[in-house]
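Counted the way our numbering counts, the sequence shown spans residues 14 to 651.
Since the structure comes first, as structure tokens, the remarks are kept for the end.
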Amino acid sequence: MKKRIIIFLIALSVMAPLRLAQGLPKTEAVSEAFELYQQGQEASGFGMYEEALSYFKKSLKINRRLNILCGISANLNEIGMAYDSLGQYDKALSHYKEALKIDRKLNIPRDIAIELNNAAVTYESLGQYDRALKYHQEVLKIRRQLNIPRDIAQSLSNIALVHVWLGQYDKALSHYEEALKIDRELNQGIVIGLEDIGSFYGTLGQYDKALASYEEALKIEREQNFPPESINTTLNNVGFIYLAQKKYGELEKRFLDAGKEGEKKDYKDIKNTPLIEFFLATGRHGEALKILKKITLGENMDVFSRIQFHLQHGLALRGNGMLEEASSELEKAVSLAEEPGRKAREKTGLGETILGSSSIRAYRALAATLSERTIRGEKTDEKFISYGKDLASNAFYFAEATKARTFLEAMANSAKGYSGRELPLKIRKEEGDILNQLSAIENRWEETYLKNEEAFKRMVKRKENLRKKLASLVSILREKYPVYAALNYPQPVLPERLPLKDNEVLLEYALGSDAGYIFKVSKAGVEKIIRIREGKEEIERQVSEVVLPLHDLNTKDNFSLTSGNKLYKLLLEEALRGLPPDKDIIIIIPDGILGLLPFEALLATPGKDVKDAVFVGDRWKISYYQSASVLALNRTLK
């Protein structure tokens, strides 16, 4: 969906040299400025942004001395783009705005539009979508006045994407449709427009409409002999839609047919993920492993792709009963997800939208795998000793980490996010600068690797330096601003260190696709891990059956005692066995839909009617916390 935005960043690089050279006096100073400018562009092209900045700043200095306004503007824009590439967004914006002021004075509408668009893209990177939208709308107004259909379509698509991020879906769709209409009239860019709309519908769960858009795009690509990489990308999106619809037969047929036609020659790339996910979903773990073994983890692979690879490899190994090996592979995925400075917001392509966050899936899978190892009698694994005293503690740790990660991603994907206003401005700015630069490095990882070996080496070194700075800053945050640190840089508490009282029992729930788990924790640590025999979908169905009558006045009389007792047996019976009524306090740490369930309303002993029934709340005092770590933090800060 962001393909169009990149076009504008490139467009400025192409057009700026022309406007820099047009109508200038032929002096040595001007020639030197122009040569420095070209050297800066060459350095940028190879990903050497620090060197590029040096060239552009020297050229800018000459242009300022000669008062050549178009030269000043061109260099300011290039400097802005270099800073944007480095993740130094405040500096990028200040240069864009200075260039914009000059171009307004020169009254060059098309250049004004380009600079406004660059600033809008930077605001998007900062998550300031309202500002980005305002800039994009001004760009569109200018382009409508210039009446250049191609540029109008690109602006419409950019605006649509921001509306998606803001959750304004009706506005997004109208802009996408208008952009596609122009694409069709021009007979160019149609595939991008169709893919944008396909992704939009996929995000909303309107899979039939998404599929129709992708199928039309695929047909055009094949008819016009698009590059195999483009066809594969669209075919993968078709595969994701089939996964969402659970149309596994159609998915397998399409991918097998594509292989016969030579469109999918091998599986050396993690981008073949729909087929891998299909094999995982249908229990064909051996076939998933065959593909995964052919994928090479090169140093050019970005962190998101690495997480995805280790997650899928771990799931395939677990499906084959190789729990120890699966644990090791899933731990690699989780370690990457916990890299200092890695922003919680992941690449939100169609696959992530349909399958869910790879990071959260990895945490859940690791907690489940370690739980199964505990249940079958294993005690410890040296590889996990830093996560607790035994495998039961390790499993609990990652169940807690799942909740923390889910919360972080919810904040990151929110239009408002979490401002951290309690931090001093200096610390907040330092943190933001480091995170933005690390994020920019990750976004340009593969691109820089392909461009220039020296630039890639420098980027790796820069990343390590930034991570060290962040680690030092996080230490300060944990000491001086513990609540902020706990939310943004969570360290799950080990179960044996929970500040529980002698009469308290903590029940932490972790739901999975095939089964769930209950961690029964006392002051001494994890006493027992109990497998819930039902998966997430069935649990959600049963909880809804109990909860809806309690929340809707029109259906309150439909509360089923049988359903309440059935859910008690599934979620509480074994965990509460042996606990004396009225003496022990039960602390519930829910997961997913269980956060809506009042456990007190479940039936411990059914009767003829409500009066005869014994509810959980009649026997035990129940309290709730979002996570065990939040409980520990609250009690520690008191």
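We put the beta carbon where it would ideally sit given N, CA and C, even for glycine.
What's the gap between the Cα of residue i and the Cα of residue j?
i           : j           : result
residue 37  : residue 452 : Residue confidence is low: residue 37 scores 48 on pLDDT, short of 50, so the model does not pin down where it sits. Its coordinate-derived value is still stated next. Cα to Cα, the separation comes out at about 40 Å.
residue 325 : residue 215 : 22 Å
residue 108 : residue 604 : 47 Å
residue 627 : residue 561 : 20 Å
residue 639 : residue 179 : 27 Å
residue 491 : residue 454 : 25 Å
residue 617 : residue 212 : 47 Å
residue 596 : residue 590 : 14 Å
residue 166 : residue 196 : 7 Å
residue 647 : residue 402 : 24 Å
residue 100 : residue 449 : 5 Å
residue 502 : residue 235 : 47 Å
residue 558 : residue 374 : 26 Å
residue 533 : residue 500 : 24 Å
residue 365 : residue 632 : 43 Å
residue 581 : residue 621 : 17 Å
residue 672 : residue 487 : Residue 672 cannot be examined here, being either before or after the span of the chain that is shown, 14 to 651.
residue 124 : residue 417 : 45 Å
residue 118 : residue 85  : 12 Å
residue 404 : residue 377 : 15 Å
residue 519 : residue 352 : 30 Å
residue 310 : residue 286 : 14 Å
residue 546 : residue 586 : 13 Å
residue 147 : residue 154 : 11 Å
residue 435 : residue 495 : 11 Å
residue 298 : residue 330 : 7 Å
Any idea which residues DSSP pairs residue i with across the strands?
i           : result
residue 722 : Outside the shown range of the chain, which is 14 to 651, sits residue 722, and nothing can be said about it.
residue 301 : The partner list for residue 301 (beta bridge, DSSP) is empty, contrary to what the question assumes.
residue 292 : According to DSSP, which records beta bridges pairwise, residue 292 is partnered with nothing at all.
residue 189 : Bridge partners of residue 189: none, in fact.
residue 599 : 518, 635
residue 544 : 530
residue 628 : 616
residue 524 : 529
Are there any heavy atoms of the ligand HEM lying less than 6 Å away from the beta-carbon of residue i, as far as the coordinates show?
i           : result
residue 184 : For the structure depicted, the ligand HEM is absent and the ligand set is empty, with no information on it obtainable.
CB residue i to CB residue j, shorter than 7 Å?
i           : j           : result
residue 602 : residue 635 : no
residue 380 : residue 523 : yes
residue 574 : residue 619 : yes
residue 350 : residue 372 : yes
residue 169 : residue 192 : yes
residue 59  : residue 468 : yes
residue 207 : residue 229 : yes
residue 145 : residue 175 : yes
residue 210 : residue 227 : no
residue 505 : residue 413 : yes
residue 346 : residue 388 : no
residue 363 : residue 239 : no
residue 553 : residue 606 : yes
residue 79  : residue 115 : no
residue 102 : residue 139 : yes
residue 53  : residue 42  : no
residue 264 : residue 255 : yes
residue 62  : residue 98  : yes
Would you call residue i buried or exposed, if buried means 16 or more other Cβ atoms sit within 10 Å of its Cβ?
i           : result
residue 328 : buried
residue 55  : exposed
residue 35  : Legend: pLDDT at residue 35 = 47, less than 50; position of this residue unreliable, value from coordinates given subsequently. By the 10 Å Cβ count, residue 35 comes out exposed.
residue 615 : buried
residue 669 : Nothing about residue 669 can be reported from this structure: the residues present for the chain run from 14 to 651 only.
residue 248 : buried
residue 40  : exposed
residue 623 : exposed
residue 650 : exposed
residue 466 : exposed
residue 498 : buried
residue 164 : buried
residue 564 : exposed
Report task. Please confirm if the stretch 506-513 is in contact with the stretch 374-387, defined as three or more CB-CB distances below 8 Å between the two stretches. Result -> no
Query raised in the report: Are at least three pairs of beta-carbons, each pair with one atom in the stretch 473-493 and one in the stretch 67-80, less than 8 Å apart?
Result: no
Query raised in the report: Counting Cβ pairs, one atom from each stretch, are 3 or more of them under 8 Å apart for the stretch 123-133 and the stretch 82-99?
Result: yes
Query raised in the report: Within the chosen definition, does the stretch 222-231 reach the stretch 172-190 through at least 3 CB pairs nearer than 8 Å?
Result: no
Requested in this report: Evaluate the contact criterion for the stretch 302-314 versus the stretch 454-466: three or more CB pairs, one atom per stretch, below 8 Å.
Outcome: yes
Query raised in the report: Counting Cβ pairs, one atom from each stretch, are 3 or more of them under 8 Å apart for the stretch 336-355 and the stretch 290-299?
Result: no
Query raised in the report: Three or more C-beta pairs closer than 8 Å, one from the stretch 532-543 and one from the stretch 404-421: is that the case here?
Result: yes
Query raised in the report: Pairing CB atoms from the stretch 331-339 with CB atoms from the stretch 361-370, are three or more of them under 8 Å?
Result: no
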